[in-house]
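For reference, the structure is listed below as structure tokens.
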Amino acid sequence: MINTSLFTLFLVTSAFAVATPGPGVLMTLTSSIRYGLRTAVWVILGTSTGTVVMSMISSTGLGILIATSPAAYETIKALGALYMVYLGVRLFKAKPFSFDLASKEKAMSVTVKQKGTLWLQGITLQMTNPMLIMFFVSLFPQFIDHELAFVPQVVVMTVTYFCTVFCIHFCYGWIASNFRRLLSTPKAAKVINCVGGAFFLFLAARVFVDMLQ
């Protein structure tokens, strides 16, 4: 059903990508501090759901491309590797992510209707992020085994990515709710940026080496 070694690499790559501070993380932090973790779970679910929607959109086009033009697919892989080089360099150069906005929020209570609104906000955030679909287009081809069925692999990766987003954002939310002072220092974000950047560069190099063989 899946290639175990490729899936393991996909899991590690996804974890680095999700853990890297960005708009989704900031929304999770802000919501966790403002409403509390129990309510912020709806934002986290929305963010996770949004990634699934974007994943399916990206994968549908990718599946058609694989079936109709292997050469074009290889080109997409090369462009995806270049995009990962860009991500790696950008992470190395990025300034530590600021959590000032989140730390200024105050705890509030919300209604059931507002929880639904928070869920939709998480979905909207992901679906209006043009970098996300680029990430999926560049990410998925690197972990597809051509000797196995395409759809089951995409389903497994999509579900895995959903769980990864939920778990990591939940951890961010828990930290935001219980250890606000830790958010006042940019050191943790800087470490994540550097480690994530190095991993993306490593993965891009691996793709280029495979293409040359």
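According to mature numbering (1 follows the signal peptide of the UniProt record, and there is no 0), the sequence shown holds residues -19 to -1, 1 to 194 in order. Every residue, glycine too, gets a C-beta built ideally from N, C-alpha and C.
Closest residue to residue i among the options (Cα-Cα distance)
{"i": "Val24", "options": "Lys171, Tyr153, Phe(-13), Val172", "result": "Tyr153"}
{"i": "Leu7", "options": "Gln102, Phe124, Tyr67", "result": "Gln102"}
{"i": "Thr11", "options": "Leu99, Ile104, Phe117, His127", "result": "Leu99"}
{"i": "Gly3", "options": "Gly17, Leu68, Ala130", "result": "Leu68"}
{"i": "Cys175", "options": "Ile14, Ala59, Arg71", "result": "Arg71"}
{"i": "Ser40", "options": "Val132, Asn(-17), Ser13", "result": "Val132"}
{"i": "Phe180", "options": "Gln107, Met108, Met(-19), Ser(-6)", "result": "Ser(-6)"}
{"i": "Thr141", "options": "Gly5, Val172, Leu106, Thr30", "result": "Thr30"}
{"i": "Leu18", "options": "Ser158, Gln194, Leu193, Cys144", "result": "Ser158"}
{"i": "Val33", "options": "Thr(-16), Ala52, Thr20, Thr139", "result": "Thr139"}
Exposure of residue i, with buried meaning 16 or more beta-carbon neighbours within 10 Å
{"i": "Asp191", "result": "exposed"}
{"i": "Gly97", "result": "exposed"}
{"i": "Met37", "result": "exposed"}
{"i": "Met65", "result": "buried"}
{"i": "Pro184", "result": "The identity of residue 184 in the sequence shown is Leu, whereas the question assumes Pro. By the neighbour-count rule (16 or more Cβ atoms within 10 Å), Leu184 is buried."}
The alpha helix (DSSP H) enclosing residue i, as first and last residue numbers
{"i": "Ala130", "result": "First-last for Ala130: undefined, no H or E at that position."}
{"i": "Thr(-7)", "result": "-16 to -1"}
Rounded straight-line distance, which links the Cα of residue j to that of residue i
{"i": "Leu182", "j": "Glu55", "result": "19 angstroms"}
{"i": "Leu(-9)", "j": "Phe124", "result": "10 angstroms"}
{"i": "Val22", "j": "Val118", "result": "27 angstroms"}
{"i": "Val146", "j": "Thr28", "result": "8 angstroms"}
{"i": "Phe116", "j": "Lys58", "result": "12 angstroms"}
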